[in-house]
Amino acid sequence: MEEAMRRLMFPIVFALLAVSGCAGGTSNVASENVIDVTATEGNAAVDSTPIACKAIGGRMASPAQCDEYTRQANALTDGIAAFDPPSTMRMGAPETITLVVGKAAEAEAVRNAMVDVVDAAGGGDSIRTEKVSIGENVSAELTSPSSMFKIAPEGRVVKAMPGRGRQVWQWSVEALVPGKHKLTLTVGVPILGSAGEVWQPVLEPKTFEIDVQARPRTWPEFFDDMAKFLTSLKGMLVALAAVIGAAGAVWLGIRKFGGRGDQGAGKDEAKDGGKG
């Protein structure tokens, strides 16, 4: 009986072991397939291959960067620029040229802001307005050919446009050579990268020519400038003398107070000596 039972159990145990081995193999293969698929999907999701970005003139950029550049390029809107171009300049006498930029819908406010600047400077030549495009940022640059003028600041100046309101640029300009020359004002909309680099979009910046007649100083103007300089120098000397006088008074007060202290100490010593 026992022998018969052993013979009956052997096939059953063998079958169970076989089924267990097959199940374990299937589990391992399935696990390996899941890892491979996940790795493939992860690589496909992170795609930073550079592409030609139209917003920055076809230069190469990652898809994410290009999306940001495109967003900035699509933010363009109509604007207006107002500035005070000088028709004449005197050599050796720097002048300030101001540019105000705002939305075209606020053209009157932009012009009024420019009028306030001109009036504060004592008046000047007529104000000039031009249509421009503006974006989240606007760049402006004032240049002259062949270094006919000394201009500060030099180069392109980029400023962020406020959501509501205007932006102002100013340059100090001094004529260096007599004669008729040109200043060039350039206004554009740059696209800014995350690292601060400046891209120029497909839209070309606008340039405006300013004709200036530069002349040397006359002798009366020279003497007038000298008189103004001496007047300002006199004011500085008067202020300096006042400072020196105040310092001298403080010094005398300290000496006087110190002298009284020394005299008091001497009297005390004399009394002590007399008692001894």
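The sequence shown lines up with residues 15 to 290 when you count with the working numbering. Every residue gets a Cβ at the ideal spot worked out from N, C-alpha and C, and that includes glycine.
Gln184 versus Trp265: straight-line alpha-carbon distance, rounded: Your numbering for residue 184 matches position 170 in the sequence shown. Your numbering for residue 265 matches position 251 in the sequence shown. Between Gln184 and Trp265, the C-alpha separation is close to 46 angstroms.
Who does Asn151 pair with in a DSSP beta bridge? Working through the sequence shown from its first residue, we reach residue 151 at position 137. In DSSP, Asn151 forms a bridge with Ala174.
Based on the DSSP output, what are the partners of Met103 in its beta bridges? For the purposes of this step, residue 103 is identified with residue 89 of the sequence shown, where counting begins at 1. DSSP output for Met103 lists Ala228 as bridge partner(s).
Return the chain-ordered list of same chain residues with a C-beta closer than 6 angstroms to the C-beta of Ile224, the five sequence neighbours on each side being excluded. Numbered from 1 along the sequence shown, position 210 holds the residue referred to as residue 224. Within the same chain, Ile224 has close Cβ partners Pro99, Leu197.
Would you report the Cα separation of Phe163 and Val129, rounded to the nearest angstrom? Position 149 of the sequence shown, counting from 1, holds the residue named residue 163. Position 115 of the sequence shown, counting from 1, holds the residue named residue 129. If I take the Cα positions, the gap works out to 25 angstroms.
Rounded C-beta distance between Val124 and Val114? I'm assuming under 8 angstroms. What you label residue 124 is simply residue 110 of the sequence shown in a count that begins at 1. What you label residue 114 is simply residue 100 of the sequence shown in a count that begins at 1. 5 angstroms between Cβ atoms; contact.
In the DSSP assignment, find the alpha helix (DSSP H) that holds Asp133 and state where it starts and stops. Position 119 of the sequence shown, counted from the start, is the residue given in the question as residue 133. Secondary structure note for Asp133: its alpha helix (DSSP H) is the uninterrupted segment 121 to 134.
Neighbour-count burial assignment, Gln86, 16 or more Cβ in a 10 Å radius: Sequence index remark: in the sequence shown, residue 86 carries index 72 (1-based). Gln86 comes out buried.
Using DSSP bridges, identify the partner residues of Leu254. As a first step, residue 254 is located in the sequence shown; it is residue number 240 there, counting from the start. Looking at the DSSP assignment, Leu254 forms no beta bridge with any residue, so it has no partner.
Taking the DSSP output, what are the residues bridged to Phe145? Residue 145 sits at position 131 when you count from the first residue of the sequence shown. Note that residue 145 is Lys in the sequence shown, not Phe. Beta-bridge pairing links Lys145 to Ile94.
Quick one: what's got a C-beta closer than 6 angstroms to Ser153's C-beta in the same chain, skipping five residues either side? Position 139 of the sequence shown holds residue 153. Residues Arg170, Val172, Gly202, Pro204 of the same chain have their beta carbon placed closer than 6 angstroms to that of Ser153, with the five preceding and five following residues left out of the count.
Return the residue from the list Glu120, Ala78, Ala75 that minimises the CA-CA distance to Gln181. For the purposes of this step, residue 181 is identified with residue 167 of the sequence shown, where counting begins at 1. The candidate whose alpha carbon is nearest that of Gln181 is Glu120.
Sort Glu109, Thr143, Trp213, Arg104 by Cα distance to Cys80 and report the nearest one. For the purposes of this step, residue 80 is identified with residue 66 of the sequence shown, where counting begins at 1. Nearest neighbour of Cys80 by Cα position, chosen from Glu109, Thr143, Trp213, Arg104, turns out to be Trp213.
Whose C-beta lies closer than 6 angstroms to the C-beta of Lys117 among residues of the same chain, with five residues either side of it excluded? Here residue 117 is taken as the residue at index 103 of the sequence shown, counted from 1. If we look at Lys117 and ignore the five residues flanking it on each side, its Cβ neighbours are Gly93.
Taking the straight line between their C-alpha atoms, what separation do you get for Ser158 and Val226? Your numbering for residue 158 matches position 144 in the sequence shown. Your numbering for residue 226 matches position 212 in the sequence shown. So the alpha carbons of these two residues sit roughly 11 angstroms apart.
Local Cβ density within 10 Å of Glu155, reported as buried at 16 or more and exposed below that: As a working note, residue 155 is residue 141 in the sequence shown. By the 10 Å Cβ count, Glu155 comes out buried.
Alpha carbon of Glu188 to alpha carbon of Ala209, nearest angstrom: Translated into the one-based positions of the sequence shown, residue 188 becomes position 174. Translated into the one-based positions of the sequence shown, residue 209 becomes position 195. The alpha-carbon atoms of Glu188 and Ala209 are separated by roughly 35 angstroms.
Considering only C-alpha positions, which residue in the set Met74, Ile111, Ala134 is nearest to Pro167? Residue mapping note: residue 167 aligns to position 153 of the sequence shown, counting from 1. When each option's Cα is compared against that of Pro167, the closest is Ile111.
What does the Cβ neighbour count give for Val51, buried or exposed, with the cut at 16 atoms within 10 Å? Walking along the sequence shown from the start, residue 51 turns up at place 37. A caution first: Val51 carries a pLDDT of 29, below 50, which makes its placement in the model unreliable, though a value can still be read off. So Val51 ends up on the exposed side.
Inspect the beta-carbon positions of Lys145 and Ala95 and report whether they are closer than 9 angstroms. Taking the first residue of the sequence shown as position 1, residue 145 is located at position 131. Taking the first residue of the sequence shown as position 1, residue 95 is located at position 81. Lys145 places its beta carbon less than 9 angstroms from that of Ala95.
Among all the DSSP beta bridges, which residues are the ones paired with Phe271? As a working note, residue 271 is residue 257 in the sequence shown. Phe271 is bridged by DSSP to nothing; it lacks a bridge partner.
Cut-off 7 angstroms between Cβ atoms - residues of its own chain near Ile49, not counting five sequence neighbours on either side: What you label residue 49 is simply residue 35 of the sequence shown in a count that begins at 1. No answer about Ile49 holds up, because its pLDDT of 28 lies below 50 and its placement is not dependable.
If we ignore side chains and look at the alpha-carbon of each, how far apart do Gly149 and Pro176 end up? Within the sequence shown, residue 149 is the residue found at index 135, counting from 1. Within the sequence shown, residue 176 is the residue found at index 162, counting from 1. If you take the alpha carbons of Gly149 and Pro176, they lie about 10 angstroms apart.
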